[in-house]
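Below you'll find the structure, written out as C-alpha cells, and then a few comments.
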Amino acid sequence: DGGITQSPKYLFRKEGQNVTLSCEQNLNHDAMYWYRQDPGQGLRLIYYSQIVNDFQKGDIAEGYSVSREKKESFPLTVTSAQKNPTAFYLCASSISAGNGYTFGSGTRLTVV
Amino acid sequence: EDQVTQSPEALRLQEGESSSLNCSYTVSGLRGLFWYRQDPGKGPEFLFTLYSAGEEKEKERLKATLTKKESFLHITAPKPEDSATYLCAVQITGANSKLTFGKGITLSVRP
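Taken in sequence, the protein lines are chains A and B. Take 11 as the starting number for the first sequence in this note's numbering and just add one per residue. Take 102 as the starting number for the second sequence in this note's numbering and just add one per residue.
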C-alpha cells in the first residue's frame, strides 16, 4: 500500500544534540512538507519542497534544516539552535497544488 | 496575511445531537479549503476539499459547505466514534502548494 512512513515514532534528544527525523513516501508525490504541532497552536509549517533538490522555509524554520536529494525522502534535522524542540512533528506529501495532503503518523520529540 | 480561525475550540455533544463546526478564513485568493480529522497521537486524515462558494460535500454523517468567508462542517446524529480534532486549512492561488491550518476543534461525543 502507498503511504508516508515517519520514523521513529518517539525520539528523545539531549540538550545540545542534533537529531534527524525520517520521512519516506511511495506515493510518487512531488511535494513534501514538515509541520510542527503543539497543544493549542495548530499545525505550523517548518519547511516544504515542491521538487527534488529544492526546498523553501516555512513560518518557523529557525533551528531546523532539511534536504531533498530523492523524490521519496525528505528528512528533517532538529539542530541544537532550536531552543524549544519538544513537539509532535508531522510529515506530509501532495501530488500537486490544489490537492490535499497525505500525512504520516508523526514523530513525538522530547528533550531530556 | 492569510488567516484561518476555527470555532469553537472545543465542543461536547450528546450522541445523536447534531451541530456545526465553523472555519472562517481571510486570504488573498482561495485555491481550496480542506477539512481533516485527527485522532490523538496520529496524523491528520483527509476528509474534504472545497474549491468554490456554494460547493457542498458529504461523507457519512459529515457535510462540508463553503461560502466566500467561511466553511462549516455539519455533523448529523454524531456517534462516539466521531470524537476527534477537526482541522481546517486553506491553500491560496498561485504556484505555492502549502496549506495554512487553523488551530482545530476538539469534538467529544458522549454515549
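Even for Gly, the Cβ is constructed at its ideal location relative to N, Cα and C.
Query	Result
Strand pairing of F22 (chain A), partner residues [DSSP]	A:T120
Unbroken stretches of the beta strand (DSSP E), 3 residues or longer, contained in the segment 11-60 of chain A	14-17, 20-23, 29-35 and 41-48
Extent of the continuous beta strand (DSSP E) to which D64 (chain A) belongs	D64 to K67
Chain-ordered neighbours of K158 (chain B) on chain A, where CB pairs are closer than 7 Å	Residues of chain A passing the Cβ test: none, with the nearest at roughly 12 Å.
Residue-chain proximity (F65 (chain A), chain B), Cβ-Cβ < 8 Å	no
Within chain B, the residues that G110 (chain A) reaches when beta carbons sit closer than 7 Å	F135, F147 and T150
Rounded straight-line distance, which links the Cα of A91 (chain A) to that of I56 (chain A)	14 Å
Exposure label - Y20 (chain A); buried when at least 16 CB within 10 Å	exposed
G133 (chain B): first and last residue of the uninterrupted beta strand (DSSP E) it sits in	L131 to Q139
Simplified DSSP assignment, three categories, for E182 (chain B)	helix
Interface flag, K164 (chain B) vs chain A, CB-CB below 8 Å	no
Boundaries of the beta strand (DSSP E) in which S121 (chain B) is found, first to last residue	S120 to T127
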